[in-house]
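Working notes for the structure below.
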Amino acid sequence: GGGGGAGAPPSLTIGRHPTPQAGPQAIPGVQRILAIGSGKGGVGKSTLTTNLAVALARAGRRVGVLDADIYGPSQPRMLGVTGRPRSEGDRIIPVQAHGVTMMSLGLMMKDGEAVVWRGPMLMGALQQMLNQVEWGALDVLLVDLPPGTGDVQLSLCQKAPVTGAIIVSTPQDVALIDARRAIDMFDKLKTQVLGLVENMSSYVCPNCGHEAHLFGHGGVAAEAQARGLPYLGEIPLDLSVREGGDSGRPVALGAGPVADAYARLADRLVQGGMA
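Per the numbering used here, the sequence shown starts with residue 1029, numbered consecutively.
Given below as structure tokens:
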């Protein structure tokens, strides 16, 4: 109904201060909200979010992705989304790709435009992505957070009933130190950490099939055990991961070791009632 301004991108009226709301506000129709976080950039958090969403959709779950990584919104590219969201009245109609419902701040901006927003503008935009987007009925909404600890994480946990957080890390010590910081932040925000995932746990040579542990191995499982948190599994690295992300056909759509690892992770979350 009512395709008011269907061609124009939705107006985010960025810059107005959001109306403060009392406590977290549920999103109608959305059963669970999972925050996907990391202590630092470069650990593959956005890639993991995309592929986990696709794997969950393949497993028959109704999945959404909210790309809240304001400094590098990469979900549209990785999911191969070229269309823009439409607006109907004050509702924003999200885009669909590979069985996943997706909304990104990147779709609200001109291509290549940098985000230089102050805190309140950001919070207003995040609140709109949560409350004005027509998410429909979802089993789980994955929120791709910016790396590190900051305003967006704080705002999400205050404004939405987040089921819990999944923390992505690579096995090397530097990443683990930052992962600890992310765990502490979610603890402070009273958001349950549902578990840790080790990304880029091994690299498989495309020529000979040799498996190498470029970043060390087992560090994330050990960290999870030390903190008494579930270890949700590991995702290997191979060339198809990058190719899939660049081409908009996520690796989890296909077959092979990486797709299998994502299918296992998705299954683990579904069995655990997390997705």
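The beta-carbon is built from N, C-alpha and C at its ideal position, and this holds for glycine as well.
Buried/exposed call for residue i, threshold 16 Cβ in 10 Å
i	result
residue 1275	exposed
residue 1099	exposed
residue 1226	buried
residue 1067	buried
residue 1209	exposed
residue 1033	In this prediction, residue 1033 has a pLDDT of 45, which is less than 50 and means its spatial position is unreliable; what the coordinates show is noted afterwards. Residue 1033 comes out exposed.
residue 1126	buried
residue 1263	buried
residue 1120	buried
residue 1029	Only weak support exists for where residue 1029 lies, its pLDDT of 48 falling under 50; the coordinates are left without a value.
residue 1236	exposed
residue 1156	buried
residue 1299	exposed
residue 1118	exposed
Helix, strand or coil at residue i [DSSP, three-state]
i	result
residue 1271	helix
residue 1149	helix
residue 1034	In this prediction, residue 1034 scores a pLDDT of 48, lower than 50, which makes its location untrustworthy; the coordinate-derived value is nonetheless stated afterwards. Residue 1034 falls in the coil class under three-state DSSP.
residue 1211	helix
residue 1297	helix
residue 1157	helix
residue 1062	strand
residue 1227	strand
residue 1304	With the chain represented from 1029 up to 1303, any question about residue 1304 goes unanswered, as that position is not in the structure.
residue 1054	coil
residue 1194	strand
residue 1232	strand
residue 1182	helix
residue 1217	coil
residue 1248	helix
residue 1092	strand
residue 1288	helix
residue 1029	Low local confidence applies: a pLDDT of 48 at residue 1029 is under 50, so the model's placement there is unreliable, and no value is given.
From the options, residue whose alpha carbon lies closest to that of residue i
i	options	result
residue 1297	1228, 1187, 1268, 1170	1170
residue 1059	1263, 1190, 1102	1190
residue 1124	1105, 1061, 1117, 1185	1105
residue 1193	1199, 1247, 1289, 1260	1260
residue 1153	1129, 1128, 1164, 1179	1179
residue 1159	1132, 1150, 1188, 1182	1188
residue 1057	1073, 1237, 1168	1168
residue 1092	1080, 1101, 1102	1080
residue 1107	1051, 1252, 1272	1272
residue 1137	1111, 1289, 1052	1111
residue 1096	1086, 1182, 1087, 1051	1182
residue 1084	1128, 1094, 1219	1128
residue 1052	1185, 1287, 1258	1185
residue 1248	1258, 1240, 1069	1258
residue 1114	1163, 1206, 1147	1163
Delimiting residues of the beta strand (DSSP E) encompassing residue i
i	result
residue 1264	1259-1265
residue 1166	First-last for residue 1166: undefined, no H or E at that position.
Start and end residues, alpha helix (DSSP H) containing residue i
i	result
residue 1105	1103-1106
residue 1087	Neither: residue 1087 is in no alpha helix (DSSP H) and is coded neither H nor E.
residue 1112	Premise fails: residue 1112 is in no alpha helix (DSSP H) and is neither H nor E.
residue 1280	Unbroken run through residue 1280: none, as it is neither H nor E.
Any non-hydrogen atom of the ligand ATP closer than 8 Å to residue i Cβ
i	result
residue 1252	Looking at this structure, you won't find the ligand ATP or any other ligand, since it has none at all.
DSSP bridge partner residues for residue i (one or two, in chain order)
i	result
residue 1124	1129
residue 1239	1232
residue 1172	1064, 1095
residue 1119	1116
Minimum Cβ-Cβ distance from residue i to chain B less than 9 Å
i	result
residue 1218	The structure shown has no chain B; it contains just one protein chain.
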